[in-house]
Amino acid sequence: MYYKGFVALKSHKVTDFNQYMWILLGTIFSRIIIGYFNILHLVMFVMKVILYLYSRLVQSMLMVILLLPPPALGLQINN
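Residue numbers for the sequence shown follow numbering that gives the first Met the number 0, so the first one is 0 and each next one is one higher.
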């Protein structure tokens with residue numbers, strides 16, 4: 000799980016962040032079930048929710064950045 004997060008941070012690809020988001024979502028639901036057994040799992044649950052929200056934020060920012068046209072380098076319009 001953490002390896003996929005490092006890959007997503009290193010590659011800056013939307014698909015990697017999307018896969019990492021789904022992995023985190025699955026672990027969040029598993030932590031809810033396991034959270035009834037131990038209080039430490041509740042701390043881990045909160046941390047995973049924060050990671051999930053951060054991955055969604057970065058994914059949306061990358062999607063917005065990738066939709067923008069590339070900047071015109073050194074091109075000027077002469078009238």
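Where is the CB? At the ideal position from N, CA and C, for every residue including glycine. Keep in mind the model is a prediction, meaning the values are calculated, not measured.
DSSP places residue 9 in the uninterrupted alpha helix (DSSP H) bounded by 1 to 10.
Cα atoms of residue 13 and residue 64: separation of roughly 11 Å, rounded to the nearest angstrom. Counting other Cβ atoms within 10 Å of its Cβ, residue 9 stays below 16 and is therefore classed as exposed. In the assembly as shown, residue 29 is an exposed residue. Its beta-carbon has fewer than 16 other beta-carbons within 10 Å. Judged by DSSP secondary structure, residue 51 falls within the alpha helix (DSSP H) whose first and last residues are 39 to 66.
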